[in-house]
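Here's the structure we're looking at; comments come further down.
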Amino acid sequence: MTATRTSEAVTPAPRALAVPNLSVAGAALWLSLTVLLAGLAYYFLGYDQGVVSVFGEDTHVHEFVHDARHFLGFPCH
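According to this note's numbering, the residues represented by the sequence shown are 273 to 349, in order.
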């Protein structure tokens with residue numbers, strides 16, 4: 273007797289994807305901190321109009337954020 277060889281297609285098992293562990297509380301914390309930081313940055317850009325200076329008579333803060341103020345639509349001068 274002769275042995276017969278059968279060829280069967282072997283399909284690999286599907287691989288599991290790594291899913292990050294992100295809880296709702298963790299996502300809410302990151303979102304809250306991001307919104308707070310963005311709000312502080314927006315307030316800092318909108319508050320300094322050159323009249324009130326953080327460092328006395330120096331207007332470096334105003335000149336540093338001058339173009340960003342125009343981009344965000346704040347009136348200047």
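All C-beta atoms, glycine included, are put in the ideal place defined by N, C-alpha and C.
(1) Assuming A340 and L317 make a contact with CB atoms under 8 Å, what is their CB distance in whole Å?
(2) Rounded to a whole number of angstroms, what is the C-alpha to C-alpha distance between S304 and S295?
(3) Locate the alpha helix (DSSP H) running through F316, then write down its first and last residues.
(4) Taking C-beta to C-beta, are H338 and C348 nearer than 9 Å?
(5) Is L344 near Y314, with beta carbons less than 9 Å apart?
(6) Once you ignore the five residues that flank A281 on each side, which residues in its own chain have a CB closer than 7 Å to its CB?
(7) Does DSSP put E335 in a helix, a strand or coil?
Taking the definition as stated:
(1) Correct: roughly 6 Å between the Cβ atoms.
(2) Distance between the alpha carbons of S304 and S295 is about 14 Å.
(3) Here the alpha helix (DSSP H) through F316 covers V296 to Y319.
(4) Taking 9 Å as the Cβ cut-off, H338 and C348 qualify as a contacting pair.
(5) The answer is yes: Cβ separation under 9 Å.
(6) Closer than 7 Å at the Cβ level, and outside the excluded window around A281, lies no residue.
(7) E335: helix per DSSP, three-state reduction.
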